Amino acid sequence: MLGLDHEIRIEPADTMNPGDSVRQQNPLGKIPALVLEDGTVLFDSRGGGRIIPTAASARFAALRLQALADGIMDASVLLVYEGRWRPPERHEPKWVDLQAGKVARALSALEAAPPALDATPDVGQIALACALGYRDFRFPGTWRTDHPRLVAWLDEFARRVPAFAATKPPG
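When you line the sequence shown up against my numbering, it's residues 906 to 1076, in that order.
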């Protein structure tokens, strides 16, 4: 995408392990974190440069898509945490349904009108690919059957952006 593949080293991280270096790199213990040559760590970057369009309509479309994808991620992570940290008998069905509904509505809206793919993906397209990849990783098989247009979109994104496949977590 930006031609930096040969300059980036991908290292595994375990956000659940208090001794993992990610907590020294990012006090929030969240990934991804990018460690620059001078030791500066960038995390939760909102992007800029070529991935955020300058023309108003394209910019707003990219940021809107990013917000929608971030919402899918937020609700998905909350569902993972509910399953990981609370025993099933203590799950709050109303809250679980609320989070699952956010994901379902967002995926339905995106299925109805999948975003375009630019030659250089914008921040929204990147965020959506990450959200769909996360769904594949944490909720395998739960979104693909009902969203064939999004499956095709993600397959095309992965074809155009080899770094996406290169950063896929091990199964």
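We put the beta carbon where it would ideally sit given N, CA and C, even for glycine. All values derive from a computational prediction rather than experimental measurement.
Secondary structure of residue i, DSSP reduced to three states
i, result
"residue 939", "strand"
"residue 946", "strand"
"residue 1100", "Residue 1100 lies beyond the range of the chain shown here (906 to 1076); nothing can be said about it."
"residue 923", "coil"
"residue 915", "coil"
"residue 1055", "helix"
"residue 994", "helix"
"residue 957", "coil"
"residue 999", "helix"
Residues of its chain near residue i, where Cβ-Cβ distance is below 6 Å and the 5 sequence neighbours each way are ignored
i, result
"residue 1056", "1049"
"residue 1016", "1052, 1054 and 1055"
"residue 998", "none"
"residue 929", "none"
"residue 1043", "985"
"residue 1058", "1019"
Residues near residue i in its chain [Cβ-Cβ closer than 7 Å; skip 5 each side]
i, result
"residue 906", "Its pLDDT being 49, under 50, residue 906 is placed unreliably by the model, and nothing is read from it."
"residue 927", "918, 920, 934, 936 and 938"
"residue 991", "none"
Cα-Cα separation, residue i to residue j
i, j, result
"residue 977", "residue 912", "30 Å"
"residue 923", "residue 962", "43 Å"
"residue 931", "residue 940", "10 Å"
"residue 1070", "residue 1060", "10 Å"
"residue 1046", "residue 1021", "24 Å"
"residue 1014", "residue 943", "42 Å"
"residue 1040", "residue 1064", "19 Å"
"residue 983", "residue 1072", "22 Å"
"residue 979", "residue 948", "16 Å"
"residue 960", "residue 1023", "14 Å"
"residue 1009", "residue 1018", "14 Å"
"residue 925", "residue 993", "28 Å"
"residue 1011", "residue 1075", "26 Å"
Chain-order list of residues whose beta-carbon lies under 8 Å from that of residue i (same chain, five-residue window excluded)
i, result
"residue 957", "964, 967, 968, 1027 and 1028"
"residue 996", "987 and 988"
Three or more C-beta pairs below 8 Å linking the region 999-1018 and the region 975-989: yes
Between the region 1026-1036 and the region 964-974, do three or more beta carbon pairs fall short of 8 Å? yes
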